[in-house]
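Asks:
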Amino acid sequence: MKIHNFSAGPCILPQVVFDKMAEACINFNNSGTSILEISHRRKDAVEVIDTARALVKELMNVPESHDVIFMQGGASLQFPIIASNLLKEGGKAAYMQTGKWAENAIKEAKRFGEIDVIASSKDKNYTYIPKDYTIPTDADYFHCTSNNTIFGTQMKQFPNSPVPMVCDMSSDILSRKVDVSKFGVIYAGAQKNMGPAGSTMAIVQRDLLGKTGRNIPDYLNYATHIKNESSFNTWPVIAIYGVMLNLQWLKEQGGVDAIAKINTEKANTMYTEIDRNGLFTGTANVEDRSQMNATFVLNNEELKAEFEALLKQAGVDSLTGHRDVGGYRASMYNALPLESVQVLVEVMKQLEQKFG
Ligand SMILES: *Cc1c(COP(=O)(O)O)cnc(C)c1O
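See below:
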């Protein structure tokens, strides 16, 4: 049976990525060696990471002022890395608090200096994106989260920040067009829209670095990874290979603009049904709804077992909401086909016919 994978992350990737990764595990590039047993400094491995970085630059139209690097540790390690690289000794940074990941980013940054939470939607359990806020001009940087994976909200616009803007784009990177030149740093754990887990991408504006007066450990210093072209130490060749294949797939689909259109169509299909079907309610503020993660609840909890049995029958997988919020979450990353959303919508209609 065909499985429709709505997992929030790690998540669905294109079939061609799985096929080529599987082949590389046995025989990488017809070299007679597995990709799992080769040096990250071998020529064909270096080609993988160079190609992945070049594809990010091309697909996101990264300006010359910025470098693309791959690191490890996930977005969670970027939280302290951001502060240690950009927050001056005795300085302060402004943060927008729009969910659990933003909370974590704030918590880590506080270890390095004064953090000014200039806007928060915690008062309504993160169901909306704050709009009225002022970014202080004396902050070293402003940090925001473009898409709140757990709560299903997404920033539709970015402010014109008077200070360098830093954004955690882990769960909507490459899903829509963004103007990279507006950002000082963009970072993303790979496992939501870029590839398998195991690597983290950062796009860093070079001239922001080296100004904190801090003694930053080498690995945590962006300058180290820029200088060493992401090969400061051993990087996960198989994981970056997956990223490279996924980016090649995205390019073949017509790039970010083309995928953004499909993503909009998927999200519209999903939210139209959530709003139409009397058995369900969407949890995020309508104008702030995420195109990547649609969160909703069943109005009558007694239908839970019936709904979940129908989902199972149809091959709909991993629709359960995050453990902190409950309900359901349909994650519709780039590789999820429109057809999968249509199957889910069909199940919601079946439930309505039976019990509505
Ligand atoms: C998943 C996620 C994270 C955490 O990523 P890790 O790579 O597991 O550390 C951070 N921010 C956002 C927006 C996420 O969706």
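What the sequence shown shows, in full-length UniProt numbering, is residues 1 to 356, in sequence order.
Ideal Cβ placement from N, Cα and C applies to all residues, glycine included.
#1: Suppose you measure from the CA of residue 186 to the CA of residue 47; what does that come to, to the nearest Å?
#2: Would you call the region 287-307 in contact with the region 322-333, where contact means no fewer than 3 C-beta pairs closer than 8 angstroms?
#3: How big is the Cα-Cα spacing for residue 236 and residue 52?
#4: Among 59, 284, 121 and 94, which one has its Cα closest to the Cα of residue 173?
#5: Would you say the region 238-245 touches the region 118-129, given that touching needs at least three Cβ pairs under 8 angstroms?
#6: Looking at ligand 1, does it come within less than 8 angstroms of residue 77, judged from the CB to the closest heavy atom?
#7: If you measure from the CB of residue 197, is any heavy atom of ligand 1 nearer than 8 angstroms?
#8: When you compare only the Cα positions, how much space is there between residue 7 and residue 316?
#9: For residue 313, count the other beta carbons within 10 Å of its own beta carbon; 16 or more makes it buried, fewer makes it exposed. Which is it?
#10: So, using beta-carbon positions, are residue 170 and residue 75 closer together than 9 angstroms?
#11: Count the other C-beta atoms from every protein chain shown that fall within 10 angstroms of the C-beta of residue 288, then say buried if there are 16 or more, exposed otherwise.
#12: Verify the contact flag: residue 121, CB atom, against every heavy atom of ligand 1, threshold strictly below 8 angstroms.
#13: Decide if residue 113 is buried, meaning its Cβ has at least 16 other Cβ atoms within 10 Å, or exposed.
#14: Smallest Cα separation from residue 54: which of 203, 93, 290 and 350?
#15: I need the DSSP call for residue 183, collapsed to helix, strand or coil.
#16: For residue 28, count neighbouring C-beta atoms within 10 Å of its own C-beta (all shown protein chains included) and say buried if the count is 16 or more, exposed if not.
#17: Which of helix, strand or coil does DSSP assign to residue 342?
#18: If you compare alpha carbons, which of 350, 348 and 343 is closest to residue 1?
#19: Report buried or exposed for residue 168, applying the criterion of at least 16 other Cβ atoms within 10 angstroms of its Cβ.
#20: If the criterion is Cβ atoms closer than 9 angstroms, does the pair residue 278 and residue 352 meet it?
#21: If you draw a straight line from the alpha carbon of residue 128 to that of residue 323, how long is it in whole angstroms?
#22: Could you tell me whether the region 212-221 touches the region 73-93, where touching means 3 or more Cβ pairs closer than 8 angstroms?
#23: Is the beta carbon of residue 336 closer than 9 angstroms to that of residue 12?
#24: In whole angstroms, what separates the C-alpha of residue 40 from that of residue 72?
Replies: Judging by the given coordinates:
#1: Here the question's residue 186 lines up with position 186 in the sequence shown. Here the question's residue 47 lines up with position 47 in the sequence shown. When rounded, the distance between both Cα atoms is 23 angstroms.
#2: yes
#3: Counting from one through the sequence shown, the residue named residue 236 turns up at place 236. Counting from one through the sequence shown, the residue named residue 52 turns up at place 52. If you take the alpha carbons of residue 236 and residue 52, they lie about 13 angstroms apart.
#4: Position 173 of the sequence shown, counting from 1, holds the residue named residue 173. Measuring from the Cα of residue 173, the nearest candidate turns out to be 59.
#5: no
#6: The residue labelled residue 77 in the question sits at position 77 within the sequence shown. At least one heavy atom of ligand 1 is nearer than 8 angstroms to the Cβ of residue 77, so yes.
#7: Counting from 1 along the sequence shown, the entry for residue 197 is found at position 197. Residue 197 Cβ: within cutoff of ligand 1.
#8: Translated into positions along the sequence shown, residue 7 becomes position 7. Translated into positions along the sequence shown, residue 316 becomes position 316. Rounded to whole angstroms, residue 7 to residue 316 spans 10 angstroms at the Cα level.
#9: Taking the first residue of the sequence shown as position 1, residue 313 is located at position 313. By the 10 Å Cβ count, residue 313 comes out exposed.
#10: As a first step, residue 170 is located in the sequence shown; it is residue number 170 there, counting from the start. As a first step, residue 75 is located in the sequence shown; it is residue number 75 there, counting from the start. It is a contact, given that the beta carbons lie within the stated cut-off.
#11: As a position in the sequence shown, residue 288 is number 288, starting the count at 1. Burial call: buried.
#12: As a working mapping, residue 121 is identified with position 121 in the sequence shown. Residue 121: no, Cβ never under 8 angstroms from ligand 1.
#13: Here residue 113 is taken as the residue at index 113 of the sequence shown, counted from 1. Classification of residue 113: buried, given that the 10 Å Cβ count is 16 or more.
#14: Here the question's residue 54 lines up with position 54 in the sequence shown. It is 203 whose Cα lies nearest to the Cα of residue 54.
#15: Translated into positions along the sequence shown, residue 183 becomes position 183. In the structure shown, residue 183 sits in coil (DSSP, three-state: anything other than H, G, I, E or B).
#16: The sequence position of residue 28 within the sequence shown is 28, counting from 1. Buried, by the Cβ-count rule.
#17: Position 342 of the sequence shown, counting from 1, holds the residue named residue 342. In this structure, residue 342 counts as helix in the three-state DSSP scheme.
#18: Numbered from 1 along the sequence shown, position 1 holds the residue referred to as residue 1. The option with the nearest alpha carbon to residue 1 is 343.
#19: The residue labelled residue 168 in the question sits at position 168 within the sequence shown. Buried.
#20: Counting from 1 along the sequence shown, the entry for residue 278 is found at position 278. Counting from 1 along the sequence shown, the entry for residue 352 is found at position 352. Taking 9 angstroms as the Cβ cut-off, residue 278 and residue 352 qualify as a contacting pair.
#21: In the sequence shown, the residue the question calls residue 128 occupies position 128. In the sequence shown, the residue the question calls residue 323 occupies position 323. When rounded, the distance between both Cα atoms is 19 angstroms.
#22: Between the region 212-221 and the region 73-93 there are three or more inter-stretch CB-CB distances shorter than 8 angstroms, so the stretches are counted as touching.
#23: On the sequence shown, position 12 is the one that residue 12 refers to. On the sequence shown, position 336 is the one that residue 336 refers to. Yes, these two residues count as a Cβ contact at 9 angstroms.
#24: Translated into positions along the sequence shown, residue 40 becomes position 40. Translated into positions along the sequence shown, residue 72 becomes position 72. About 14 angstroms.
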